[in-house]
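Trainee:
2 protein chains.
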Amino acid sequence: MEPARNPSVEVHDVNDVHEALERAAELLRIHDELQAMAIAAAEEPGGTPPDPQRTQRQTQNLDEIRALLDPLHPADVAYILEALPRDQRLVVWDLVKADRDGEILLEVSDAVRETLIAYMDDHELVAATGQLDTDEIADLAPDLPREVIEDVFKLLPPEEREQLREAMSYAEDTAGALMDFDMVQIREDVTLEVVLRYLRRLDELPDHTDQLFVVDRAEQLKGLVPVNRLLVTDLDVAVGDVMLKDYTQFNANDDAADVAAAFERYDLVSAPVVDDAGRLVGRMTVNAVVDYTRDKIDSEKLSAGGLREDEDIFASVWKSVQNRWAWLALNLITAFIASRVIGLFEGSIGKLVALAALMPIIAGIGGNSGNQTITMIVRALALGQITRQNASKLFVKELSVSALNGLIWGGLVGIFAFLIYHNWQLSLVMMLAMMLNLLLAASMGVLIPMAMDKLGRDPAVGSSVMITAITDSGGFFIFLGLATLFLV
Amino acid sequence: MEPARNPSVEVHDVNDVHEALERAAELLRIHDELQAMAIAAAEEPGGTPPDPQRTQRQTQNLDEIRALLDPLHPADVAYILEALPRDQRLVVWDLVKADRDGEILLEVSDAVRETLIAYMDDHELVAATGQLDTDEIADLAPDLPREVIEDVFKLLPPEEREQLREAMSYAEDTAGALMDFDMVQIREDVTLEVVLRYLRRLDELPDHTDQLFVVDRAEQLKGLVPVNRLLVTDLDVAVGDVMLKDYTQFNANDDAADVAAAFERYDLVSAPVVDDAGRLVGRMTVNAVVDYTRDKIDSEKLSAGGLREDEDIFASVWKSVQNRWAWLALNLITAFIASRVIGLFEGSIGKLVALAALMPIIAGIGGNSGNQTITMIVRALALGQITRQNASKLFVKELSVSALNGLIWGGLVGIFAFLIYHNWQLSLVMMLAMMLNLLLAASMGVLIPMAMDKLGRDPAVGSSVMITAITDSGGFFIFLGLATLFLV
Chain A
1364 MEPARNPSVE VHDVNDVHEA LERAAELLRI HDELQAMAIA AAEEPGGTPP
1414 DPQRTQRQTQ NLDEIRALLD PLHPADVAYI LEALPRDQRL VVWDLVKADR
1464 DGEILLEVSD AVRETLIAYM DDHELVAATG QLDTDEIADL APDLPREVIE
1514 DVFKLLPPEE REQLREAMSY AEDTAGALMD FDMVQIREDV TLEVVLRYLR
1564 RLDELPDHTD QLFVVDRAEQ LKGLVPVNRL LVTDLDVAVG DVMLKDYTQF
1614 NANDDAADVA AAFERYDLVS APVVDDAGRL VGRMTVNAVV DYTRDKIDSE
1664 KLSAGGLRED EDIFASVWKS VQNRWAWLAL NLITAFIASR VIGLFEGSIG
1714 KLVALAALMP IIAGIGGNSG NQTITMIVRA LALGQITRQN ASKLFVKELS
1764 VSALNGLIWG GLVGIFAFLI YHNWQLSLVM MLAMMLNLLL AASMGVLIPM
1814 AMDKLGRDPA VGSSVMITAI TDSGGFFIFL GLATLFLV
Chain B
1364 MEPARNPSVE VHDVNDVHEA LERAAELLRI HDELQAMAIA AAEEPGGTPP
1414 DPQRTQRQTQ NLDEIRALLD PLHPADVAYI LEALPRDQRL VVWDLVKADR
1464 DGEILLEVSD AVRETLIAYM DDHELVAATG QLDTDEIADL APDLPREVIE
1514 DVFKLLPPEE REQLREAMSY AEDTAGALMD FDMVQIREDV TLEVVLRYLR
1564 RLDELPDHTD QLFVVDRAEQ LKGLVPVNRL LVTDLDVAVG DVMLKDYTQF
1614 NANDDAADVA AAFERYDLVS APVVDDAGRL VGRMTVNAVV DYTRDKIDSE
1664 KLSAGGLRED EDIFASVWKS VQNRWAWLAL NLITAFIASR VIGLFEGSIG
1714 KLVALAALMP IIAGIGGNSG NQTITMIVRA LALGQITRQN ASKLFVKELS
1764 VSALNGLIWG GLVGIFAFLI YHNWQLSLVM MLAMMLNLLL AASMGVLIPM
1814 AMDKLGRDPA VGSSVMITAI TDSGGFFIFL GLATLFLV
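Those protein sequences? They're chains A and B, same order as listed. Those letters in the first sequence? Residues 1364 to 1851, by my numbering. Those letters in the second sequence? Residues 1364 to 1851, by my numbering.
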């Protein structure tokens, strides 16, 4: 028998949000139609009065959209806003309750946030920050107009003003920039009973409170008490006797990537953040870490594709061109260089045209192989797996892999060339050029990311363009050079 | 004054693990030296007896390594194992306490796990699973020999045997495969006081217990009670009156990617997993989600670089060649095709050699631009932002961006060609070819991932190779074809 379900139970699942988006898109299509009819009617000669039935349908339609949005989580509203073309996005934004503006702005992507903020006046923006915690205001701050920030500061109580100033003072991608201030602090010398009484007065604990922070009068962090211990321990014990003294803490200036790695490694839910003097200044939670990781992956993917930033999929054509031009310009320069390298050997190509058809093979496979090496090395660097002792072993290994690949693939392209051009000297030159270009690719594939890492730059950014430029120009030079020496 | 620090406090920070790795590498270098000396002495003619001083130093050295490893978190030991060459890795593995084998095997990468499991005998492997929960054993199971799994099953108590069978029955990358069974279940009709008494008997709550699951006698999930509510609510209230009825739940067959998106979106720490009949079957925690996301990103990065799987950085040359060959072979085929396209126009190139030098520019920039489009579309697809209504708008937008880019970059390459070859007809052909190839890149950049998505394949995998193949061969064909028509 099907168990009776309580109608007041509201259970969500993973498909709810997609359904909400489809429904919103459908309602907005109707909205656009009604709007178009209204405009057409208004433009009619004779100035017919507005059709009361249509006006009613418009109001109904807007009410339906509002009723769809109201129960949604702010992150779901953000998702819908991102997936809508700009006009419809602003229709939806107008229908969102003003007291949810702040939390939704926090959730949307940077590009979409920009379009929404540009649409709001200063008064609305100040009001939107009203429902946010100081660490959240700090997250929004870089996108807000200066006057808005000044007004926000004036409206905050002194303690929160200080917190906001502190949160805004940390560099992007540090623990300080990601932490919040929602930590429950207790003293070492009280009993758990006292702690429990104190908690009951709080009415509700901050989200993600899985532990309480034990500090002394100088704000010095002494230990942690997991909330679950409060449930299973005798209440007359002192905090000092049950607190954990073996824990992971972060410095506010720690790199966010290291913090994220530690959360992953030690399965943390929250952790204390201290300043250089060991004073508790904030709390890091797993959800901040998850969001940071997601953003970082996204921007890595975008930059690997040569997109400078998160592009609103409905950005204007002109904005998209701007977002993408730097990458294309960079690649154009490397293409021009490769073209001039080929230009050096025009005489040889004129004598043996087959060279023109074969040269992209050498360059292309060199680029592919070099990128494989770079992928390996960048990953090992990111995981901190490369030490002074093993770097040279890695180098030798990659060169050996390339030499073996050179034999295999060089042999294959040699056979390919022979089948088509029936010229065994040409085949030998192909084979030799392939081998040399793969060795070039392997050595540069190890050296480029390691050098970038030494210079303090992120080896994930730009390594791929460099290796491709080198294996293109290098491959053309090696192949056409050898051909000039031995064939023509 | 510097506050006095309690010497029993053990505070960790983000650099500890790197220091441990450097120290381990140094100790292992000494180990290798002592080992080499021992071998050299043994091989000396006359058979000198072992030097007692050296033997003592060897023992000391191993003790030091053991002392370094023992206090480390299993994830940190895993990290050190991954960063060591194979011989040293096995030395360390032998020094790890046997009762930690299981949890460390869970933490190492697939490639390294394989090397460690291959080194262990069946008896050790069965023992290693002894300290693991059933959901963890299920994670290891695909890598264990069949006999080991059978023995493990025999040794488990009936209830856990059933859990293991269930955990192993779910497809990879589903909620069921990632969930654990550590949930605390309570009844609706008892008071919080009773719940608290029950929890006290448990001694310690399972990790990441931020909520208790309310079920009826038929295991049907009725609601959730956040642990923090137990702390701040009167104890004589019934569970049914404080439990949350508005929550997110997952089906055991839900796609793990959707689950991860929901955890990110709603900032969850744990969530119930139910079967099709609404019965509670497990619990999903944020740390399982974080690990899943990390693995998925890693494998995406690797496959984008054409590496079939996670490669142990100290894998043998032959293993590395195998890991990489499929990608190189695929690219070789596309390179052969491009080469034959050029071959069609050898006559034209023979008459106007400049074509050979200029053609890689057209192909290269087309590939770059196409990959930018694909990056955008794959991302929008992954976020579920593409609906029936907006797909055609996106297509038009990408074509417009390409047309504009074609004008800009086509003009530039035309000028470049004119400066070098002083042939304005050639410049015009360059410009036109660039424009056409960018339009080809944009349309394929939208169509390929959308078609793959429709066919149920992951558009992130393989799109890039396809677009590059098309813009290479297509670019050569367009440029050389136009040149043949208008120039030679």
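Glycine included, every Cβ here is placed at the ideal spot set by N, Cα and C.
1. Counting pairs of Cβ atoms below 8 Å between the region 1778-1791 of chain B and the region 1415-1429 of chain A, do you hit three or more?
2. Any Cβ of chain A within less than 7 Å of the Cβ of residue 1582 of chain B?
3. Using a Cβ-Cβ cut-off of 7 Å (strictly less than) and excluding sequence neighbours within five positions of residue 1613 of chain B, which residues of its own chain qualify?
4. Can you tell me the Cα-Cα spacing of residue 1826 of chain A and residue 1687 of chain A, whole angstroms?
5. Please report the distance separating the alpha-carbon of residue 1367 of chain A from that of residue 1585 of chain B.
6. Decide yes or no for the touch test of the region 1553-1569 of chain B against the region 1599-1612 of chain B: beta carbon pairs closer than 8 Å, at least 3 of them.
7. Residue 1558 of chain B by DSSP, collapsed to three states: which one?
8. So residue 1312 of chain A is in the alpha helix (DSSP H); what residue range does that whole segment cover?
9. Quick check on residue 1375 of chain B - is its C-beta less than 7 Å from some C-beta in chain A?
10. Using 8 Å for Cβ pairs, my map puts residue 1392 of chain B next to residue 1752 of chain A. What's the rounded Cβ distance?
11. Between residue 1554 of chain A and chain B, is there a C-beta pair that is closer than 7 Å?
12. Who are the Cβ neighbours of residue 1429 of chain A in its own chain at under 8 Å, not counting the five residues just before and after it?
13. Contact check, residue 1694 of chain A vs residue 1727 of chain B under 8 Å by CB: the rounded distance?
14. Since I believe residue 1491 of chain B is in contact with residue 1519 of chain B (beta carbons under 8 Å), could you give me their beta-carbon distance rounded to a whole number of angstroms?
15. Taking only runs of the alpha helix (DSSP H) that begin and end inside the region 1461-1544 of chain A, which ones reach a length of at least 4 residues, in chain order?
16. Measuring alpha carbon to alpha carbon, tell me which of A:1616, A:1664 and A:1532 ends up nearest residue 1376 of chain B.
17. By Cβ distance, which residues of its chain are closer than 6 Å to residue 1638 of chain A, with the 5 residues on each side in sequence left out?
18. Give the DSSP-derived three-state secondary structure of residue 1432 of chain B in the structure shown.
19. Using 8 Å for Cβ pairs, my map puts residue 1384 of chain A next to residue 1443 of chain A. What's the rounded Cβ distance?
20. Quick check: the region 1789-1803 of chain B against the region 1833-1851 of chain B, are there 3 or more CB pairs under 8 Å?
21. In chain A, which residues lie with their C-beta within 8 Å of the C-beta of residue 1705 of chain B?
22. What residue range is occupied by the uninterrupted beta strand (DSSP E) comprising residue 1893 of chain B?
23. How is residue 1786 of chain B classed by DSSP in three states: helix, strand or coil?
24. Taking 7 Å as the cut-off, decide whether the C-beta atoms of residue 1836 of chain A and residue 1724 of chain A are in contact.
25. Three or more beta-carbon pairs under 8 Å between the region 1757-1767 of chain B and the region 1808-1825 of chain B, yes or no?
26. Give the secondary structure of residue 1549 of chain A by DSSP, where H, G and I count as helix, E and B as strand, and everything else as coil.
27. Within the continuous alpha helix (DSSP H) that includes residue 1829 of chain A, where are the two ends?
28. Which chain A residues are close to residue 1748 of chain B, counting only those with a beta carbon under 7 Å from its beta carbon?
29. Show which residues of chain B have a CB atom less than 8 Å away from the CB atom of residue 1698 of chain A.
30. Taking the straight line between their C-alpha atoms, what separation do you get for residue 1460 of chain A and residue 1433 of chain A?
31. Quickly, what does DSSP pair residue 1662 of chain B with across the bridge? List them, please.
32. Given a cut-off of 7 Å, decide if residue 1557 of chain B and residue 1575 of chain B are closer than it, judged by their beta-carbon atoms.
33. Between the region 1420-1427 of chain A and the region 1390-1408 of chain A, do three or more beta carbon pairs fall short of 8 Å?
34. I'd like the span of the alpha helix (DSSP H) that includes residue 1386 of chain A, first residue to last.
35. Would you identify the three-state DSSP class for residue 1776 of chain B, choosing helix, strand or coil?
36. Name the chain B residues whose beta carbon is nearer than 9 Å to that of residue 1657 of chain A?
Mentor: In short:
1. no
2. no
3. Answer for residue 1613 of chain B: 1538, 1622, 1634, 1636 and 1647, listed in chain order.
4. 18 Å
5. The predicted position of residue 1367 of chain A is uncertain, since its pLDDT is 40 and thus under 50; no value can be drawn from it.
6. yes
7. helix
8. Residue coverage of chain A in this structure runs from 1364 to 1851, which leaves residue 1312 of chain A outside it and unanswerable.
9. Among the CB atoms of chain A, one or more fall inside 7 Å of the CB of residue 1375 of chain B.
10. 6 Å
11. no
12. 1458
13. 6 Å
14. Rounded, the Cβ-Cβ distance is 14 Å, inconsistent with contact.
15. 1464-1470, 1473-1482, 1485-1492, 1497-1503, 1509-1518, 1521-1532 and 1538-1541
16. Nearest to residue 1376 of chain B by C-alpha distance, out of A:1616, A:1664 and A:1532, is A:1616.
17. 1615 and 1644
18. helix
19. Yes, they are in contact, since the Cβ atoms of residue 1384 of chain A and residue 1443 of chain A sit about 5 Å apart, within 8 Å.
20. yes
21. 1719, 1720 and 1723
22. The question about residue 1893 of chain B has no answer here: the residues shown for chain B are numbered 1364 through 1851.
23. If DSSP states are grouped into helix, strand and coil, residue 1786 of chain B belongs with coil.
24. No, the pair does not count as a contact, with Cβ atoms beyond the cut-off.
25. yes
26. strand
27. Segment 1826-1849, the alpha helix (DSSP H) holding residue 1829 of chain A.
28. 1445, 1446 and 1676
29. 1723, 1724, 1727 and 1728
30. Each residue's Cα considered, the two are about 8 Å apart.
31. Answer is none; residue 1662 of chain B lacks a bridge partner.
32. no
33. yes
34. 1379-1406
35. helix
36. 1627 and 1656
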